[in-house]
Amino acid sequence: MKEKTVSNRKRRFFSSEILWAIFRFVLLVGLSYVILSPFLKKISMMFMSPADLRNPTVWMVPQEPTLDNIRRVIRYGGYLPAFLHSLIISTLCAVLQTFTCCMAGYGLAKFKFKGNTFLFIMAVFTIVIPPQTLYLALYTRFRYFDFFHLLALLGIGPVKLVETVLPSTLLSATALGLKNGLYIFVMRQFFKGVPQELNEAAWVDGCNPIAAFFRIMLPVAKPMLISIFLLSFAWQWTDTFYSGLFNRSMLVLPMILTKVTAIAAESISNGTMMSSVMQNTAVVMIILPLFLFYLVFQRKLIQGIERSGIVG
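In the numbering used here, the protein residues as written are 59 to 370.
What follows is the structure, encoded as structure tokens:
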């Protein structure tokens, strides 16, 4: 009798495990479809010909696939120069932001001084401030740039820095760029978890704080530096606010969306439908380099986030 009871319990247990596994599988498939469906549709539209657009039976899989849409984005949207400009700006800003935010996080984590907590709160507070609220102040500051009015004293006067990469570079070099408050927070949490004994041992061996930072802390923080660099690069790659504010005359990837849409509506064919196809094609071509970038460095990114100290 006891053996039958145990056997029945085992059957019920295995039945519940199978049902739970099926439920999880269906749930994951459903969520994956909801998340991936819009992106898959955009990829499908990249290869649709005008005949496919007019055919009501075509759904997701083109019957007459073509590469004309990609060629039009490259030709009419200026994709190649925009790609080059975005690559230069994103790489430069990512390198500067990674280094300066690492130094700021290290200083806030390892040095106790009056105002330390206040500075950290202000850095975190910048995360919740919409950049649009600083639009006029930022533009005015760099349109009439004068470092503490020293240029006026020298008779040079304010310098116009907009329409160059200098505003984004200066903001990144001073840890005031895009999402820098988040990076400082993450780096501070990471360095909080690094034993203070490493610093003290370096000081005993004759290293000053700067030498200890470069020789001890930077190698230890390598996974986090890679993660910060990847996040900074990705956000800068798709940024429209700072690009539209400082670099209106320099074509970058987010700006090709409006350009290809307008050209499609005016010059190519099929009006609104073709504009939608061109826009979706441009979106995929903008995101695709980031997707490939993530595939190559995903392990480093996940490893850095796990060591950041903000997850359990």
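Think of the CB as a built atom: it goes at the ideal place given N, C-alpha and C, for glycine as much as any other residue.
By DSSP's criteria, residue i is part of a beta bridge. Which residues make up the other side?
| i | result |
| --- | --- |
| F203 | V217 |
Would you check if the distance between the CB atom of residue i and the CB atom of residue j is smaller than 8 Å?
| i | j | result |
| --- | --- | --- |
| F287 | Y164 | no |
| R246 | L138 | no |
| I314 | A140 | yes |
| G235 | T184 | no |
| K100 | V341 | yes |
| K358 | I284 | yes |
| T227 | L150 | yes |
| M308 | H143 | yes |
| F299 | P225 | no |
| W293 | L311 | no |
| K168 | N266 | no |
| A195 | D204 | no |
| M118 | L98 | yes |
| P216 | Y202 | yes |
Under 8 Å by Cβ, that's how I've got residue i and residue j pegged, so tell me the actual separation to the nearest angstrom.
| i | j | result |
| --- | --- | --- |
| F291 | S148 | 5 Å |
| M336 | T319 | 6 Å |
| T316 | V131 | At roughly 13 Å, the Cβ-Cβ gap does not stay under 8 Å, so T316 and V131 are not in contact. |
| A260 | T158 | Not a contact, Cβ separation roughly 22 Å. |
| A110 | P120 | Correcting the residue identity first, residue 110 is Asp in this sequence and not Ala. Correct: roughly 5 Å between the Cβ atoms. |
Please go through the same chain and pick out, in chain order, the residues whose beta-carbon is closer than 7 Å to the beta-carbon of residue i, but skip the five residues on each side of it.
| i | result |
| --- | --- |
| K170 | none |
| S327 | Residue placement at S327 is flagged as unreliable, the pLDDT there being 49, under the threshold of 50; a coordinate-derived value is accordingly withheld. |
| G135 | I314, K317, V318 and A340 |
| L192 | none |
| A152 | F287, S290, F291 and Q294 |
| Q361 | P281 |
Among residues of its own chain, excluding the 5 on either side of residue i, which ones have a beta-carbon nearer than 6 Å to its beta-carbon?
| i | result |
| --- | --- |
| A375 | It is not possible to answer for residue 375, since the shown part of the chain is limited to 59 through 370. |
| F200 | L219, V220 and P225 |
| I179 | none |
Less than 8 Å between C-beta atoms, sequence neighbours within five positions excluded: which residues of the same chain meet that for residue i?
| i | result |
| --- | --- |
| G370 | Any answer about G370 is weak, because its pLDDT of 44 lies below 50 and its placement is not dependable; what the coordinates show is given next. Excluding sequence neighbours, G370 sits near nothing in its chain. |
| V116 | M106 and D110 |
| N174 | L166 |
| F351 | L288, F291 and A292 |
#### Entry: contact_flag[the region 294 to 307, the region 215 to 230] where n(CB pairs < 8 Å) is 3 or more
The answer is yes - the region 215 to 230 touches the region 294 to 307, with three or more Cβ pairs under 8 Å.
Does the count of Cβ pairs from the region 274 to 282 and the region 238 to 254 closer than 8 Å reach three?
Judged by Cβ distances under 8 Å, the region 274 to 282 makes contact with the region 238 to 254, as three or more pairs qualify.
Check: Contact between the region 122 to 130 and the region 103 to 112: three or more CB pairs below 8 Å?
Finding: yes
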